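**Student:**
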Amino acid sequence: MLVVEAKLKNGTPEQYHRLDEAIKTSQFVRNSCVRHWMDNKGTTRNDLQILLAKIVQFVGREFKKH
Numbered sequence: 004m005l006v007v008e009a010k011l012k013n014g015t016p017e018q019y020h021r022l023d024e025a026i027k028t029s030q031f032v033r034n035s036c037v038r039h040w041m042d043n044k045g046t047t048r049n050d051l052q053i054l055l056a057k058i059v060q061f062v063g064r065e066f067k068k069h
């Protein structure tokens, strides 16, 4: 099990919010890669890099909508 840890003393609410979003993003990416690896036998590092590029494109379009 991986533990995500960050230190922020006396931060503003916005800084804490951004830190939480960064942690959620890293967990989403990790979980997406693990799910792809489990579902597709023989997955290589290059396959995961391609998957992440697709995720970035999708997320980029979603952010532009808002």
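The sequence shown begins at 4 in our numbering and counts up one residue at a time. Glycine included, every Cβ here is placed at the ideal spot set by N, Cα and C. Keep in mind it's a predicted model, so treat the numbers as computed, not measured.
Leaving out the 5 sequence neighbours to the left and right, which residues in its chain are closer than 7 angstroms to Leu22 when beta-carbon positions are compared?
**Tutor:** Ala9, Leu11
**Student:** With H, G and I counted as helix, E and B as strand and the rest as coil, what does DSSP make of Gly63?
**Tutor:** helix
**Student:** Where Leu54 and Cys36 are concerned, what is the direct C-alpha to C-alpha distance, given to the nearest angstrom?
**Tutor:** 8 angstroms
**Student:** Quick check on the DSSP output: the alpha helix (DSSP H) that includes Glu17 runs from which residue to which?
**Tutor:** 16–42 is the extent of the alpha helix (DSSP H) around Glu17.
**Student:** At the level of alpha carbons, what is the spacing between Gln30 and His39?
**Tutor:** 14 angstroms
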